[in-house]
Each structure stands twice: as C-alpha cells, then as structure tokens.
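Enquirer: This is the structure, below, for whatever I ask next.
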Amino acid sequence: MADTFTISVPRLHTERLTLREYRVADFELFADHLSDPESSAFLGSADRQAAWRIFNSHAGLWLLNQAGWWSIEDRQTGQLVGSVGAFFRHGSSVMEMGWNTYRAFWGKGIANEAAAAVLKYVFEVRREPKVRALVSAGNESSRRVAERLGMRYEMTTELDGKEINTYMRERG
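Remember, my numbering sits 3 above the position in the sequence shown when you count from 1.
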C-alpha cells in the first residue's frame, strides 16, 4: 500500500493580504514576473519552462520541509500580487525568507506586510531560533524590507555567481 501524505500550507492573514498555497492558476503571473527583465533584474530571468520548475519547487518545499512559499493575494480584490517564502536552502539548517512583489504592485508596502507576517509565523509558530534573507547587492527595496523586519547585515557572499548580502535576525 502506498504512503499517503497530507500537506497543509498554513494560511496567514494581514490587514490587506492573504498568504496562501500556490495554485496552478497562479503560474501565469509567476512566469510573467520571472520573464520580465525589470522584475527579475536581481533574481535572474527565467523562461516558461524554468519558471514552471521554480514554481513547482517552491510548492514542493512544503512536502519536504513543512516550509515553503506562499502566493500573496489582495484580500479585497482576490488579485495575486506576489509571493513570499520561509524555507530551508539545501544543506542549511537556518530558515531563509524571500519575497517578490509583482511589478504592478511595487511601492505599496506589500513585501513589508507579507514578510512581517511570515517572520511572525517563523518565530512564533515554528519557533525557529533565527532567520536569514539573501538580498542581491544593489537591491535597495529588498534591503529596506530586511531592515524593517529587524534583520541586520551579516556578510557579503556569492550565490550562483552573484554578489549577495546576508541579513540575519534571531528570535527574541
């Protein structure tokens, strides 16, 4: 008999947002975001095939680690506005956070609001001792989000050939 898995992606709510599981219907906007040179300037762009792998990888993290990525939905309109995650990078025992807001919604505080909800979840529900964020050098918007979350610059390193700044925050 085959093993049966039940995966439950926790829903998080803020004043304006719902953080929820990825859905196949979310893929089009996700792929558009990754193919847009301006939106993906710090992430690296991806064609549809690569975007599909990334999308499925994000969703599949929940199965493997009980942590992963959420789609960010505007509570008032139901519109998809980005994604946010709390996950473990391969080989790391430190939880990592990431956030992306789709370009049409830049400058509206969505990344701040969604990431703050995830940070609360990481510390209060998961009881993780610390969390980090990897922010591409030059990505001032993401740097500001990390700093608003109380994360402090730790060091500069390299990831996939790109200069990355590591920000860290401990529970407390």
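Here a beta-carbon is modelled for each residue, glycine too, at the ideal position from N, C-alpha and C. None of the values given here were measured: they were computed from a predicted structure.
Quick check on the DSSP output: the alpha helix (DSSP H) that includes residue 55 runs from which residue to which?
Expert: 51-68
Enquirer: In its own chain, which residues sit with a C-beta less than 6 angstroms from the C-beta of residue 89, not counting the 5 before and 5 after it?
Expert: 70, 98, 100, 121, 125
Enquirer: Can we say the stretch 24-39 touches the stretch 56-64, given the rule of at least three CB pairs closer than 8 angstroms?
Expert: The stretch 24-39, when compared against the stretch 56-64, does touch it at the 8 angstroms Cβ threshold.
Enquirer: Could you say which of 160, 135, 129, 141 lies nearest to residue 149 if we only look at CA atoms?
Expert: 135
Enquirer: Under the DSSP definition of a beta bridge, which residues are partnered with residue 22?
Expert: 15, 75
Enquirer: May I ask you to report which of helix, strand or coil DSSP gives residue 142?
Expert: Of the three classes helix, strand and coil, the one that applies to residue 142 here is coil, per DSSP.
Enquirer: In terms of residue numbering, what span does the beta strand (DSSP E) encompassing residue 121 cover?
Expert: Element bounds for residue 121: not the beta strand (DSSP E) but the alpha helix (DSSP H), 113-123.
Enquirer: Decide if residue 27 is buried, meaning its Cβ has at least 16 other Cβ atoms within 10 Å, or exposed.
Expert: exposed
Enquirer: Which two residues bound the contiguous alpha helix (DSSP H) that contains residue 31?
Expert: 30-38
Enquirer: Out of 92, 21, 19, 67, point me to the one whose CA is closest to residue 162's CA.
Expert: Residue 162 has its Cα closest to that of 92, out of 92, 21, 19, 67.
Enquirer: Quick check on the burial criterion: 16 or more other C-beta atoms within 10 angstroms. Buried or exposed for residue 103?
Expert: buried
Enquirer: Are residue 170 and residue 147 closer than 8 angstroms when you measure CB to CB?
Expert: no
Enquirer: Beta strand (DSSP E) containing residue 156: first to last residue?
Expert: 155-162
Enquirer: Apart from the five residues on each side of it in sequence, which residues of its chain come closer than 8 angstroms, Cβ to Cβ, to residue 82?
Expert: 76
Enquirer: In whole angstroms, give me the CA-to-CA distance for residue 157 and residue 49.
Expert: 29 angstroms
Enquirer: So if DSSP puts residue 166 in a beta bridge, which residue, or which two residues, is it bridged to?
Expert: 161
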